[in-house]
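Notes follow the structure.
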Amino acid sequence: MQIKYQPKNGWEVIKKGEKDEVFAFCEHYMAFLDEGKTERKAAAEAVRLAKLNGFSPIENMKSLKKGDKIYAENKEKGVLLAIIGSDTTKGANIVAAHIDSPRIDFKQNPLYEDLDMTFFKTHYYGGIKKYQWTTIPLAIHGVIVKADGTKIEVTIGEHDSDPIFCITDLLPHLAEEQMKKTMKDAITGEGLNILASSIPNDDEKEKFKGALLELLNKKYGITEEDFISAELEAVPAHKARDLGFDSSMIAAYGQDDRVCAYTALKAILDVNNPKKTAVCMLADKEEVGSMGNTGMQSRFFEDTIAHILSLENKNYNDLLIRKTFKNSACLSADVGAAMDPNFKDVSETQNAPKINYGVMLTKYTGSRGKSGSNDASAEFVGKIRKVFNDEGIVWQIGELGKVDLGGGGTVAQFIANLNIETVDCGVPLLSMHSPLEISGKFDVYMAYKAYKVFLENNK
Ligand code: MN
Ligand code: MN
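The sequence shown begins at 1274 in our numbering and counts up one residue at a time.
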């Protein structure tokens, strides 16, 4: 018996031959990151992979029985996948992740010209350090709903032949005053304006703005008023890349939380005929509090489980969903803050997660005395710990920073509110919420394995 708790570096305990699997798995993960840079694109990619793996839209089903695979879409921004077990009311195994990431959203009336250039005004989405988003190549993704109701999709900046966009910053030569400001204030929210064009037309006034609107009208058939019913999101234009001489890490935008979204998705795609109903929930809006009808706090999750139960049971009633939730278990799949040697003093080394130490099991999140935390029970953490240990999962614990230094939350509390046993379990990242987040490939693969054994668990 091992008496001392001794977490280990995954590369030191990895099984023979598994390294190739880790690297191969991460190739697919990185392709998913490149395809799914926004919540809409990630949801579309999840649906594409679901269909490819034999999942059918729930609307097409007249009844459900063991082994059936279904998916439900939520307004193109969220997806729930399920494989039906022998009786869903006996409890489902749920892995829930989010597919939205911090980014720069266009304002409703975004376009203006200044000094013979045009810019888009923006309002950032989620918790960002604003200075990190200047002077990096940006791509624009989103939808525009035109006056006649037609919807057009916009993707520009991803291909090498596309132009990119950018938020400018001040040259150091003239930054004497700027450099005295705090990092919080040196770049302001209203200063995050995206440079868009610089050729005029022959309008009398606003000829640079006029020229760009002409160009956009030609390319997309839109007018300036159409921006009002648009969702345009600027995200880093770079692709996911291997990091380090040994390519052991991944540097990419949007790994919070598409690293858990992809590993959860892949886990359910690879689960074979589980005894308990297996569910993968991919939600939107986590970065702004899980609000709204596409966030985890919306009724979509409950409604879809109710839909499943009504297709399994001819006599559906409200008690069945309550019974289902009471008997269910959930891994809230979200990222954590890996200890960074450059910023060691914010972490409490005995409880903080480390890169490559495996998937992270986090009993509580929150801030200032666990506020806003789910705080999983000892019994449930014990159960998951046993499942992971029995199945050879390399895992670690992962508190988010030192007490009272800050904090954060996940979707865990909203799922737990439904009376579902829930614990946070995900991948530790370096530089979280930056345009270039870093994960360890071993941890990514271990998250996939952990979610898979959890979804297959029958105890
Ligand atoms: Mn997250
Ligand atoms: Mn986040």
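Yeah, the Cβ is synthetic: ideal placement off N, Cα and C, and Gly gets one too.
In this structure, E1560 has its beta carbon less than 7 Å from a heavy atom of ligand 2. In terms of Cβ geometry, P1410 and I1377 do not form a close pair [threshold 8 Å]. Burial state of T1536 is buried, judged by a 10 Å Cβ sphere holding 16 or more other Cβ atoms. Put simply, the backbone Cα of I1657 is about 60 Å away from that of F1481. Per DSSP, reduced to three states, the secondary structure at P1473 is coil, with no helix or strand assignment. Judged by their CB atoms, G1351 and D1557 are nearer to each other than the 8 Å cut-off. Of the candidates A1365, I1417, T1461, the residue whose Cα lies closest to the Cα of K1402 is T1461. Taking every protein chain shown into account, the CB of S1520 has fewer than 16 other CB atoms within 10 angstroms, so this residue is exposed.
Inter-segment contact for the region 1646–1661 and the region 1305–1319 is absent: fewer than three beta-carbon pairs are separated by less than 8 Å. Between the alpha carbons of M1452 and G1464 lies a distance of about 15 Å. Annotated as proximal: A1370 and C1533, with beta-carbon spacing under 8 Å. The beta carbon of K1342 is closer than 6 Å to those of G1327, F1328, I1356 in its chain, skipping five residues each way along the sequence. Within a 10 Å sphere around the beta-carbon of Y1278 sit fewer than 16 other beta-carbons, which makes this residue exposed.
Between E1506 and the set K1714, A1611, D1607, D1373, the nearest pair of CA atoms involves D1373. Under a 10 Å Cβ-count criterion, G1568 is classified as buried, with 16 or more other Cβ atoms of the shown protein chains found around its own Cβ. For N1662, the three-state secondary structure derived from DSSP is helix.
Checking the DSSP bridge columns, you'll see E1694 partnered with A1602. By the beta-carbon neighbour count (other beta carbons within 10 angstroms, threshold 16), F1616 is exposed. Shown here for K1548: same chain residues with a beta carbon closer than 7 Å to its own, the five before and five after excluded, namely G1358, S1359, N1731 in chain order. In terms of side-chain proximity, the C-beta atom of V1608 is found nearer than 7 Å to a non-hydrogen atom of ligand 1. Here I1287 carries a coil assignment [DSSP, helix/strand/coil].
Short of 7 Å from the beta carbon of W1284, and not among the five residues preceding or following it, lie these beta carbons of its own chain, in chain order: N1629, F1715. Per DSSP, the unbroken alpha helix (DSSP H) holding D1543 starts and ends at 1528–1543. Around the Cβ of L1485, a 10 Å sphere holds 16 or more other Cβ atoms; the residue is buried.
Per the Cβ contact rule, the region 1330–1339 is in contact with the region 1576–1589 (3 or more Cβ pairs under 8 Å).
Beta bridge pairing from DSSP links E1506 with D1378, H1414.
Within the DSSP bridge table, the entry for L1702 names A1610 as partners.
With 16 or more other CB atoms across the displayed protein chains lying within 10 angstroms of its CB, H1580 is buried. Taking 8 Å as the upper bound for CB-CB distance, A1510 and G1430 are in contact here, some 5 Å apart. Approximately 15 Å separates the beta-carbon atoms of A1610 and L1709; this is outside 8 Å, ruling out the contact. With a cutoff of 8 Å on beta-carbon distance, T1361 and T1407 are scored as not near each other. A contact is defined here as three or more CB-CB pairs under 8 Å, and the region 1693–1704 meets this definition with respect to the region 1620–1638. If you draw a straight line from the Cα of L1691 to the Cα of S1650, it comes to about 15 Å. G1679 places its beta carbon 8 Å or farther from that of T1638. In this structure, DSSP gives E1729 a helical state, which the three-state scheme calls helix.
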